[in-house]
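Asks: Please read through the structure below; I'll follow up with questions.
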Amino acid sequence: MVHPLITQTHIDDFQRDGAVLIKGLFKGQVDQLRRGIAQNMAQPGPYASNNEKAGQTGRFFDDYCNWPRITDFEAAIKSSPVAEVAADLMRSDRVQMFHDHVLVKEPGTSMATPWHQDGPYYFVEGRQTISFWSPLDPVTEAALRCVAGSHRWEKEVLPTRWVSQEGFFADEGQYMAVPDPEAEGMTILEWDMEPGDAVAFDFKTLHGARANTSQSRRRAFSLRLVGEDARYVERPGPTSPPYPGHDMQPGQRLREDWFPVLLQR
1 MVHPLITQTH IDDFQRDGAV LIKGLFKGQV DQLRRGIAQN MAQPGPYASN NEKAGQTGRF
61 FDDYCNWPRI TDFEAAIKSS PVAEVAADLM RSDRVQMFHD HVLVKEPGTS MATPWHQDGP
121 YYFVEGRQTI SFWSPLDPVT EAALRCVAGS HRWEKEVLPT RWVSQEGFFA DEGQYMAVPD
181 PEAEGMTILE WDMEPGDAVA FDFKTLHGAR ANTSQSRRRA FSLRLVGEDA RYVERPGPTS
241 PPYPGHDMQP GQRLREDWFP VLLQR
């Protein structure tokens, strides 16, 4: 039996396309997550950025790894059905926390979120990985966009720094250049969304988000989770998030005191 919020079609679409819309996943946690984002923006963490770039308008705030200190984030994660839905979509009996990510585009923010895959930034790899992107405001502009099937590409996309667009790692030979999905005629998945809806996508799914040319804020809460086959890997340089002092070795599961298990069936 799968969770009542989804059907076998959702699972099949996630496995085939690497992205699927889940209606109402955080519907009961919208107010909690809004409070958490307000606290996060008032008290940014060490990784916070306004993504400032010459010639850009508006403010694009993002920050991550704050759930241990922002109680509304932790409460929303634990009270929502996200772990059960993640287990079903990944086809995994185990769901483990990786990190949270807040992305806020104020009205008139001209910067689009660049096309990227999450996986190459991370020190974890596996077939069972999942991100959830949930807006806390209605989304018709500044929407998340995912390239169908990109999680199955043989080569990963070079991770870049969002503002400078420089390569994140010095060793670029193992990666492909960031493509232009529209120019190359790729199938782009995009949805109008209500607060609490969520797009679920694989760590290796190429995705980005439009600028916010509307007169309304676009607050989004993202959650990254991993399944039972996910293991620590080393990258050519420091990862994002870096998690200094983690002491993990290649091939190990993520340490459970830092990355708690949310579900074990």
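Under the UniProt record's numbering, the first residue of the sequence shown carries the number 1, and numbering increases by one thereafter.
In this text, a Cβ means the ideal position worked out from N, Cα and C, and glycines have one as well.
Keep in mind that this is a model prediction, so the values were computed, not measured.
1) Between the beta-carbon of Ser134 and the beta-carbon of Phe221, is there less than 8 angstroms?
2) Looking only at its own chain, which residues have a Cβ that is under 6 angstroms from the Cβ of Phe203, when we skip the five neighbours before and after it?
3) With a threshold of 8 angstroms on Cβ separation, who are the neighbours of Arg94 within its own chain once the five nearest residues in sequence on each side are excluded?
4) On the three-state DSSP scale, how would you describe Met41?
5) State the start and end residues of the unbroken beta strand (DSSP E) segment that holds Val95.
6) How long is the line joining the alpha carbons of Lys105 and Met193, rounded to whole angstroms?
7) Rank Ala75, Ser131, Phe60 by C-alpha distance to the C-alpha of Gly36 and give the top, closest one.
8) What residue range does the beta strand (DSSP E) around Thr113 cover?
9) Between which residues of its own chain and Ser240 is the CB-CB distance below 6 angstroms, once the five residues before and five after are set aside?
10) For Met90, count neighbouring Cβ atoms within 10 angstroms of its own Cβ and tell me buried if that reaches 16, exposed if not.
11) Can you tell me which residues form a DSSP beta bridge with Gly208?
Replies: Reading from the atomic positions:
1) As a working note, residue 134 is residue 134 in the sequence shown. As a working note, residue 221 is residue 221 in the sequence shown. In this structure, Ser134 places its C-beta atom within 8 angstroms of the C-beta atom of Phe221.
2) The residue given as residue 203 occupies position 203 in the sequence shown. Closer than 6 angstroms at the Cβ level, and outside the excluded window around Phe203, lie Asp118, Gly119, Thr129.
3) Mapped onto the sequence shown, residue 94 falls at position 94. Closer than 8 angstroms at the Cβ level, and outside the excluded window around Arg94, lie Ala87, Gly227, Glu228, Val261, Leu263, Gln264, Arg265.
4) Residue mapping note: residue 41 aligns to position 41 of the sequence shown, counting from 1. Of the three classes helix, strand and coil, the one that applies to Met41 here is helix, per DSSP.
5) Residue 95 sits at position 95 when you count from the first residue of the sequence shown. Start and end: 94–105.
6) As a working note, residue 105 is residue 105 in the sequence shown. As a working note, residue 193 is residue 193 in the sequence shown. Cα-Cα distance, rounded: 15 angstroms.
7) If you number the sequence shown from 1, residue 36 lands on position 36. It is Ala75.
8) As a working note, residue 113 is residue 113 in the sequence shown. From DSSP, the beta strand (DSSP E) with Thr113 extends over 113–116.
9) Taking the first residue of the sequence shown as 1, we reach residue 240 at position 240. Result list for Ser240: Tyr121, in chain order.
10) Here the question's residue 90 lines up with position 90 in the sequence shown. The residue in question, Met90, is buried, as its Cβ has 16 or more Cβ neighbours within 10 Å.
11) Working through the sequence shown from its first residue, we reach residue 208 at position 208. DSSP, once it has assigned bridges, lists Arg145 as partnering Gly208.
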